[in-house]
Amino acid sequence: RLEYCELTADIVEALNTALQSKPTLKELSLSNNTLGDTAVKQLCRGLVEASCNLELLHLENCGITSSSCREISAVLSNKSSLIDLSVGDNKIGDSGLALLCQGLMHPNCKIQKLWLWDCDLTSASCKDLSRLISTKETLTEISLIDNNLRDSGMEMLCQALKDPKSKLQELWIRECGLTTACCKAVSSMLSVNKHLKVLHMGENKLGDAGVEVMREGLLHPNCNIQSLWLGNCDLTAACCATLATIMVTKQCLTELDLSYNSLEDEGIRKLCEALRNPNCNVQQLILYDIYWSSEVDDELRALEESKPEVKITS
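See below:
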């Protein structure tokens, strides 16, 4: 791991030489170094030729653009050992994603974890992403955080997640310009998909209405969500009765993040009531930056004492 090492393009030739002499190398993390496209292309050509069975390649914040994506794609199609790729915080754009998908869709590619956060993607990328999610059965985790996918993009992803061939378990889609409008598609997907366990939808303007729309899907017997993140989603106390019902009914749910929402005393009390219910299996309730009174604070502390398996983080 060579993260934050102030490496530049000059180091790549030495790295490629090292790759040739290290057939046991499994992980290469060069994130947060100013490598740029020329160096990354050279590195990828070295990786294709190297005899190592590389499993992890992290190139976050390396100054990569779409120009490097053909070479990264070649690594994906040549290294069936590669299961974890992160190119987050690089401006590859929709055109770069299209090139990456050529490698990702190759039969040799066995990718499991794919992080594409803050990559300047738009809803135009969601057609390729949907094809990947619905056909690449090895893919279990994808991060699309901080990309402007919008409701139309999310609807395409939800359609892909309804495909029986999709085995995705974690979807990170925080801060993607989503609104209440996509929640019907999310609910429909949750009522069909049995594999998805982690859903991060924080920092999207879903609102109370969005939670109400998703209720049906979250409560469906097919839904196996274990971790649900709805921080900073414009929620109020008005949706807490629905959230409480989900907490009590959905025994697979163990983690719930509602941070940065104006739930106030009324909403927090409803959540406390749910936590006290013996049918509730939520073990981690995350409530950062929410105001409540000292009386409610006493309730929360008493609840933690009576149920030591429950952790309330605030």
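Note that this note's numbering has the sequence shown beginning at 1, numbered continuously upward. Virtual Cβ for every residue (Gly too), placed ideally from N, Cα, C.
Residue of the options minimising C-alpha distance to residue i
i	options	result
Lys-250	Leu-218, Ala-302, Thr-140, Ala-18	Leu-218
Asn-204	Asp-118, Lys-165, Asn-232	Asn-232
Ser-73	Thr-122, Leu-230, Lys-110, Ser-51	Lys-110
Leu-57	Lys-162, Leu-19, Asn-148	Leu-19
Ser-293	Arg-269, Lys-307, Leu-303	Arg-269
Gly-207	Leu-199, Ser-306, Cys-183, His-200	Cys-183
Leu-178	Leu-97, His-200, Gly-88	His-200
Leu-228	Glu-255, Asp-234, Asp-128, Cys-62	Glu-255
Ser-189	Glu-141, Ile-225, Thr-236	Reading the sequence as shown, one finds Met at residue 189 and not Ser. Comparing Cα-Cα distances from Met-189 to each of Glu-141, Ile-225, Thr-236, the minimum goes to Ile-225.
Lys-194	Lys-162, Gly-210, Gly-202	Lys-162
Ile-246	Gly-96, Glu-266, Leu-275, Gly-88	Leu-275
Val-87	Asn-16, Pro-278, Lys-113	Lys-113
Glu-141	Arg-150, Ala-209, Asp-151, Leu-168	Leu-168
Cys-176	Ser-166, Glu-170, Pro-164, Leu-149	Leu-149
Cys-280	Tyr-291, Leu-300, Leu-258, Lys-307	Lys-307
Leu-132	Glu-170, Gln-102, Glu-55	Gln-102
Classification of residue i by the beta-carbon crowding that lies within 10 angstroms, buried from 16 upward
i	result
Arg-174	buried
Ala-14	exposed
Cys-5	Here Cys-5 scores only 41 on pLDDT, less than 50, and its place in the model should not be relied on; the value that follows carries that caveat. Exposed: under 16 other Cβ atoms inside 10 Å.
Glu-295	exposed
Cys-252	exposed
Cys-158	buried
Glu-60	buried
Ser-314	exposed
Ala-302	exposed
Ser-123	buried
Ser-130	buried
Glu-71	buried
Thr-180	buried
Glu-3	Per-residue confidence for Glu-3 stands at a pLDDT of 46, beneath the threshold of 50, marking its modelled position as unreliable; the derived number appears in the next sentence. Classification for Glu-3: exposed.
Lys-26	exposed
Lys-91	exposed
Lys-197	buried
Asn-33	buried
Ser-262	exposed
Ser-166	buried
Pair within 7 Å by beta-carbon distance, residue i and residue j
i	j	result
Asp-94	Thr-65	no
Asp-298	Tyr-260	no
Ser-191	Trp-172	no
Asp-118	Asp-146	yes
Gln-283	Val-248	no
Glu-216	Ser-187	yes
Thr-242	Glu-264	no
Val-12	Ala-39	yes
Leu-271	Cys-223	no
Cys-126	Leu-100	no
Ala-98	Asp-128	yes
Leu-35	Cys-62	yes
Gly-267	Ala-244	no
Val-75	Leu-47	yes
Glu-305	Ile-312	no
Cys-52	Pro-23	yes
Leu-300	Leu-258	no
Span of the beta strand (DSSP E), counted from its first residue to its last, around residue i
i	result
Lys-113	113-115
Leu-30	Where Leu-30 is concerned, there is no enclosing beta strand (DSSP E), given that its DSSP letter is neither H nor E.
Ser-262	First-last for Ser-262: undefined, no H or E at that position.
Leu-228	227-229
Extent of the continuous alpha helix (DSSP H) to which residue i belongs
i	result
Thr-245	240-249
Lys-184	183-190
Lys-127	126-135
Gln-20	12-20
Gln-102	93-104
Gln-284	Unbroken run through Gln-284 is the beta strand (DSSP E), 284-286; no alpha helix (DSSP H).
Thr-38	36-49
Ile-173	Run containing Ile-173: none; DSSP gives neither H nor E here.
Glu-155	150-161
Ile-72	69-78
Leu-300	294-306
Beta carbon proximity, residue i to chain D, threshold 7 Å
i	result
Gly-202	The structure shown contains no chain D, having only a single protein chain.
*Per the contact definition of three or more C-beta pairs closer than 8 Å, is the region 121-136 in contact with the region 79-88?*
no
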